[in-house]
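Take any residue in the sequence shown, note its place counting from 1, add 265, and you have its number in our numbering.
C-beta atoms are modelled at their ideal positions from N, C-alpha and C, and glycine is treated no differently.
Below is one structure; the comments refer to it alone.
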Amino acid sequence: MSVSSRDSATGAGWHGQEPGHFESLMPDRVKKLSWLNPATLWSARNGPLASLFGDPTNDERRRWVAGQRDRGVPADLVIERDDPETYSFMLIADTGEGDAPQYAVVPGLLEAGEGSRFAVLSSDVIYPVGSANDYGPKFFRPYQDYNAPIYAIPGNHDWYDGLTGFMRVFCEALALPAAARPKVLSAGWWRTLLWKSPAAADEQRLAEARSLRSAPAQQSEQPGPYWAIDSGPLRIIGIDTGLLGGIDKEQGEWLRRVSQGPRPKILVTGSPIYVDDKYHPCAIEGGGTVDEIVRDADCHYVAAIGGDIHNYQHYPVEVDGRTIEYVVSGGGGAFMHATHIIPRVTVAGVTEQDFRCYPLRGDSLAFYSGLYGRRLRMKRFFALTSEQASAVIAKRLGIPPTRTTNAVVTLRTRLLATLLGVPSRPHGRSWFRLPVRKIYTQVLSPGSVTYTPPFFKSFLRLDVTPHDLRIRCFAATGYREQEVAPPVEDDFTIPFG
């Protein structure tokens with residue numbers, strides 16, 4: 266096992282190691298996805314349109330699920346597996362850009378995933394718009410050597426084509442018939458004027474892509490965009506949070522039903538409940554929240570794992586005398602969301618001593634300083650070593666540095682920390698910062714992904730026994746050492762009972 270970023274800057278991937286072999290897995294020609302390209306933003310316009318003119322996701326999801334039940338899937342949408350009492354499975358999320366950062370995750374995933382029974386892909390299987398025609402290089406090819414089934418829940422980008430590609434690939438469902446047109450001049454009518462319709466699937470191209478994962482051991486079919494998996498002593502429940510991060514009333518009623526009973530449970534969701542020191546309980550149409558169900562002692566949830574945010578965060582939250590582990594795990598391949606903008610953690614009683622993130626805040630700040638130096642052609646001004654970045658983070662937030670550093674905090678490093686969004690006081694937000702998160706409203710977004718290591722990607726391995734659940738977060742930097750022996754960035758065990 267390699268040393269992790271918590272042990273050394275070399276473990277984080279900073280000091281010139283041998284490049285990984287992941288590029289040998291990639292197609293000869295790869296189209297680089299740039300979120301600075303107006304064409305990319307225009308193709309992904311359905312999210313902003315839903316915010317402005319009303320979100321049709323709940324109605325469309327009900328149509329998809331009704332169609333699946335008409336086809337004869339189990340009414341409770343439960344997948345019954347014959348896994349033993351002791352086994353492992355993998356979890357990756359926000360994967361499908363189809364470029365170097367996504368493929369860099371694959372060697373470590375195969376290494377750490379040896380012997381696992383299946384994988385769960387949570388959120389944003391395909392970027393930018395979830396088209397069925399993109400599944401070859403962005404799903405089937407990267408994971409062709411993972412010799413077990415892969416189940417998935419959709420993210421907002423999978424909904425940008427009305428979920429058509431996702432349902433075709435994972436549920437064998439054909440495209441929905443056109444919905445009734447909304448009343449003229451209504452909000453829905455204005456939305457449809459600009460709404461992006463799903464692209465027709467190229468069936469020959471899709472069949473060729475499927476052949477890459479055609480082994481019997483790799484086959485699976487799930488009942489819908491949300492589901493439950495009964496596996497050994499555990500029930501894994503995946504929900505579909507659509508375009509804007511909520512669930513429909515019917516799905517909420519289903520979630521309450523399948524969450525009952527003494528069996529320990531994990532929630533897998535496209536919208537994390539705790540993230541960036543904030544609480545997002547996930548609204549249910551008609552009233553209530555998803556987290557109310559997770560917190561209900563009669564439902565016996567032990568963890569809730571969400572994608573959508575492209576990094577790793579871990580919040581162990583005390584709820585009525587027990588601990589529920591809330592995890593953000595969205596580092597499977599897409600561009601990295603900053604962690605250095607996270608203030609000193611105090612949400613829900615979780616402290617910095619309890620909190621974990623990857624990349625470390627200092628590594629995130631060093632990464633973004635390099636990114637802006639290249640984009641603005643001011644490399645010398647923006648240059649920050651990981652040691653300098655760690656030191657200024659510790660100073661600004663009033664926390665000890667994770668890695669030992671002798672770097673001195675200077676006026677320049679303080680200025681760069683402010684410009685790049687490090688909170689100006691332990692529990693505050695920076696008074697001014699360059700854009701480091703919003704890809705639709707900010708010009709110099711982190712969506713302008715880098716294609717050279719270190720990548721700071723991650724994935725999870727979950728080891729289940731009759732008595733407990735062990736969760737490990739593994740890093741993928743793009744360097745050979747971390748491919749051969751993926752470093753562990755977080756490791757904790759949850760007792761059942």
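Supposed contact pair residue j and residue i - C-beta distance, whole angstroms, cut 8 Å
| i | j | result |
| --- | --- | --- |
| GLY507 | TRP424 | 6 Å |
| VAL753 | SER269 | 6 Å |
| PHE287 | GLY743 | 7 Å |
| ALA440 | THR429 | 5 Å |
| SER689 | ARG661 | 7 Å |
| SER655 | PHE647 | That belief does not hold up - the Cβ atoms of SER655 and PHE647 are roughly 16 Å apart, past 8 Å. |
| ALA474 | TYR544 | Rounded, the Cβ-Cβ distance is 39 Å, inconsistent with contact. |
| ARG745 | GLU283 | 4 Å |
| PRO292 | ARG456 | Not really, about 36 Å apart at Cβ, beyond 8 Å. |
| GLU652 | THR678 | Not confirmed; about 10 Å, so no contact. |
| SER267 | PRO751 | 7 Å |
| GLU350 | PRO498 | 6 Å |
C-beta atoms of residue i and residue j nearer than 7 Å
| i | j | result |
| --- | --- | --- |
| ARG735 | THR758 | yes |
| LEU459 | LEU314 | yes |
| HIS605 | ARG587 | no |
| LEU290 | VAL371 | yes |
| TYR392 | GLU362 | yes |
| ALA309 | ALA397 | no |
| ASP426 | PRO463 | yes |
| ASN323 | GLU550 | yes |
| GLY598 | GLN367 | yes |
| ALA548 | GLY511 | yes |
| ALA631 | LEU649 | yes |
| PHE354 | PRO529 | no |
| ILE607 | ASP541 | yes |
| GLY373 | GLU617 | no |
| VAL674 | VAL657 | yes |
| ALA568 | GLU583 | no |
| VAL555 | TYR566 | no |
| PHE739 | PRO624 | no |
| ASP619 | PRO665 | no |
| TYR352 | VAL615 | no |
| LYS461 | ASP364 | no |
| TYR577 | SER723 | yes |
| VAL330 | GLY489 | yes |
| GLU437 | GLU486 | yes |
As assigned by DSSP and simplified to three states, the class of residue i
| i | result |
| --- | --- |
| SER594 | strand |
| LYS403 | helix |
| LYS660 | helix |
| GLU748 | helix |
| PRO303 | helix |
| SER723 | strand |
| ASP235 | It is not possible to answer for residue 235, since the shown part of the chain is limited to 266 through 762. |
| HIS422 | helix |
| CYS436 | helix |
| ALA493 | strand |
| ALA569 | strand |
| SER387 | strand |
| GLN578 | strand |
| THR534 | strand |
| PHE238 | Shown here, the chain extends from 266 to 762; a query on residue 238 therefore has no answer. |
Buried or exposed by the 16-neighbour rule on C-beta atoms within 10 Å, applied to residue i
| i | result |
| --- | --- |
| ARG336 | exposed |
| MET643 | exposed |
| GLY420 | buried |
| ASP756 | exposed |
| LEU727 | buried |
| SER316 | exposed |
| HIS732 | exposed |
| LEU680 | exposed |
| TRP279 | buried |
| TRP300 | buried |
| GLU518 | exposed |
| TYR637 | buried |
| VAL449 | exposed |
| SER476 | exposed |
| PRO442 | exposed |
| GLY712 | Residue placement at GLY712 cannot be trusted, given a pLDDT of 46 that sits under 50; what the coordinates show is reported in the next sentence. Under this definition GLY712 is a buried residue. |
| GLU325 | buried |
| ARG640 | exposed |
| LEU725 | buried |
| GLY276 | buried |
| ASP563 | exposed |
| GLN484 | exposed |
| LEU520 | buried |
>> Under 8 Å: do the stretch 569 to 588 and the stretch 373 to 389 share three or more Cβ pairs, one atom per stretch?
In response: Yes, the stretch 569 to 588 is in contact with the stretch 373 to 389.
> Is the number of C-beta pairs between the stretch 488 to 499 and the stretch 326 to 345 that are closer than 8 Å three or more?
Replying inline: Yes, since at least three Cβ pairs between the stretch 488 to 499 and the stretch 326 to 345 fall closer than 8 Å, the two stretches touch.
>> Quick test of the definition: if touching needs 3 or more C-beta pairs under 8 Å, does the stretch 354 to 361 touch the stretch 585 to 600?
In response: The stretch 354 to 361 makes contact with the stretch 585 to 600, as at least three CB pairs between them are under 8 Å.
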